[in-house]
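First residue of the sequence shown? That's 0 in numbering that gives the first Met the number 0, and the numbers climb one at a time after it. All remarks here apply to the structure that follows.
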Amino acid sequence: MSTSPNRPTTMTEVHARQSRMMTKEGMRRALAFQPQPTDVIITPYAKSGTTWVQQIVHGLRTRGNMNFDEITSVIPWLEMAYDLGMDVEQPQVGQPRAFKSHLRWELVPKGARYIYVIRDPKDVVVSMYHFMVGWWFEPASISLAVFAREQFLQPRSPMAYWAHIRSWWPHRHDPAVLFLCYEDMKHDLPLTVQRI
0 MSTSPNRPTT MTEVHARQSR MMTKEGMRRA LAFQPQPTDV IITPYAKSGT TWVQQIVHGL
60 RTRGNMNFDE ITSVIPWLEM AYDLGMDVEQ PQVGQPRAFK SHLRWELVPK GARYIYVIRD
120 PKDVVVSMYH FMVGWWFEPA SISLAVFARE QFLQPRSPMA YWAHIRSWWP HRHDPAVLFL
180 CYEDMKHDLP LTVQRI
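Spelled out as structure tokens, the structure:
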């Protein structure tokens, strides 16, 4: 089996590549962003329904206008906006303004309204693993078990699922936070849309 010299084959190499995904300046700007009180920041842990909620929010604020190539072009990702050449202060195609983030509570810019989605961790790690295979690392080079242990479960990693959940959980009843469950969204999408 030939491997691509550009794709990692170990979790150490994956982590090195991830560390270069966002520039320090891009992250600095994301953390310094000052949202308006009407802004909506969609900020679940990765692979927990972020894109799904972005689509719902954008559809609601534009009465169903889906005229875009990729959802990030109409709902900027705060941590990546600068690196993608996007100005988060530019007018958006609909109101309220909406943004994506995967930041933990202690880091996310304060003063907006937030949508957080929690999902069964088993499904999150499997979804993330399959998302990354062949793109972030060479297929068959890293097992799901190794990926889960070294990416998903590390307690001190900024990519750790439980640290993210722990940061948002105390805010689940805050008036500016809408806390959703992915499995409930699947079970009753009309109610989810109504809540959003």
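All C-beta atoms in this analysis are idealised placements derived from N, C-alpha and C, irrespective of residue type, glycine included. All figures in this text were calculated on a predicted structure; none of them were measured in a lab.
Kindly list the residues whose CB is nearer than 7 Å to the CB of residue i, restricted to its own chain and excluding five residues on each side of it in sequence; keep chain order.
i    : result
R16  : P7, W135
E105 : S166
H170 : W104, V176
S126 : K46
Could you spell out where the beta strand (DSSP E) holding residue i opens and where it closes?
i    : result
L179 : 176-180
F98  : 97-99
I40  : 39-41
I114 : 112-117
Taking 8 Å as the threshold (C-beta atoms), are residue j and residue i in contact?
i    : j    : result
T42  : V124 : no
K99  : T71  : yes
Y233 : R28  : What the structure shows of the chain is the stretch from 0 to 195, and residue 233 is not part of that stretch, so it cannot be assessed.
Y128 : L143 : yes
P75  : M85  : yes
A97  : H57  : yes
E137 : L102 : no
M184 : G48  : yes
G110 : Q53  : no
Can you find the residues in the same chain that come closer than 8 Å, C-beta to C-beta, to residue i, ignoring five residues on each side of it along the sequence?
i    : result
E182 : R118, D119
I55  : T191, V192, I195
Hey, residue i and residue j are a contact pair by Cβ (cut 8 Å); roughly how many whole angstroms apart?
i    : j    : result
Y115 : W161 : The pair is not a contact, with the Cβ atoms about 15 Å apart (cut-off 8 Å).
H172 : Y44  : No, H172 and Y44 are not in contact; Cβ-Cβ is about 19 Å, not under 8 Å.
T9   : I141 : 7 Å
Grab the span of the alpha helix (DSSP H) containing residue i for me, first residue to last.
i    : result
Y128 : 120-131
Y160 : 160-167
L188 : 188-194
A29  : 23-31
F146 : 143-146
Quick one: residues in its chain with C-beta nearer than 6 Å to the C-beta of residue i, no 5 flanking neighbours on either side, listed in chain order?
i    : result
T22  : D82
F146 : Y128
A159 : Q153
Hey, is residue i close to the ligand FAD, as in C-beta under 7 Å from one of its heavy atoms?
i    : result
M131 : For the ligand FAD, the structure offers nothing, since it holds no ligand at all.
Would you say residue i faces chain B, with C-beta separation under 8 Å as the test?
i    : result
W134 : The displayed structure is made up of one protein chain only, and chain B is not part of it.
Q: Any chance you could list the alpha helix (DSSP H) runs of at least 4 consecutive residues sitting entirely within the segment 58-113, in chain order?
A: none
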